[in-house]
Amino acid sequence: SFTSRQMFDEAFVELGAFHAIMDDALDSLGANERMTHRVLTNFKRFEIGIRRFNPRLELIRREFPGSHEYYVRSLIGHLRDARTRATEPLFGDTVLPDN
Numbered sequence: 003s004f005t006s007r008q009m010f011d012e013a014f015v016e017l018g019a020f021h022a023i024m025d026d027a028l029d030s031l032g033a034n035e036r037m038t039h040r041v042l043t044n045f046k047r048f049e050i051g052i053r054r055f056n057p058r059l060e061l062i063r064r065e066f067p068g069s070h071e072y073y074v075r076s077l078i079g080h081l082r083d084a085r086t087r088a089t090e091p092l093f094g095d096t097v098l099p100d101n
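Note that this note's numbering has the sequence shown beginning at 3, numbered continuously upward.
What follows is the structure, encoded as structure tokens:
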């Protein structure tokens, strides 16, 4: 609703809060030294939860003027990286080692 009222600075504040929450959640999940089943399940839930934000961010990006869409583009890339980081522990190196 911020974009419909041309309130781009307020929208940036809200997107920044989303960015921070996403980073903090991923960092707290990754801080667990032991990857128990519960931690891996939470990684999976986190990835499923943030998956639906990509189309939403694309809609927001389309509503922003060209001078304001740079942060939304970078946030979409960061969302993609966060999803990758959330799924990496699910596919450990126990099947095929790196060597």
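Glycine included, C-beta positions come from ideal geometry on N, C-alpha and C.
Backbone CA spacing between residue i and residue j [nearest angstrom]
{"i": "Phe10", "j": "Phe66", "result": "8 Å"}
{"i": "His70", "j": "Thr43", "result": "36 Å"}
{"i": "Ile52", "j": "Ala33", "result": "19 Å"}
{"i": "Thr38", "j": "Arg85", "result": "19 Å"}
{"i": "Arg63", "j": "Arg47", "result": "26 Å"}
{"i": "Ile23", "j": "Gly68", "result": "26 Å"}
{"i": "Asp83", "j": "Arg40", "result": "22 Å"}
{"i": "Asp25", "j": "Gly18", "result": "11 Å"}
Span of the alpha helix (DSSP H), counted from its first residue to its last, around residue i
{"i": "Ser69", "result": "Unbroken run through Ser69: none, as it is neither H nor E."}
{"i": "Glu16", "result": "10 to 32"}
{"i": "Leu42", "result": "39 to 53"}
Proximity of residue i and residue j at Cβ, strictly below 8 Å
{"i": "Asp49", "j": "Thr89", "result": "Sequence inspection shows Glu at residue 49; the Asp mentioned does not correspond to that position. For Glu49 and Thr89, yes; Cβs fall inside 8 Å."}
{"i": "Ala87", "j": "Leu28", "result": "Looking at the sequence provided, one finds Arg at residue 87 rather than Ala. Yes, the Cβ-Cβ distance between Arg87 and Leu28 is below 8 Å."}
{"i": "Leu59", "j": "Leu92", "result": "no"}
{"i": "Phe14", "j": "Tyr72", "result": "no"}
Assigned secondary structure, residue i (DSSP; H/G/I helix, E/B strand, else coil)
{"i": "Arg36", "result": "coil"}
Option nearest residue i by Cα separation, candidates the options
{"i": "Phe20", "options": "Leu61, Phe93, Ile78, Thr86", "result": "Ile78"}
{"i": "Ser30", "options": "Phe55, Phe45, Pro57", "result": "Phe45"}
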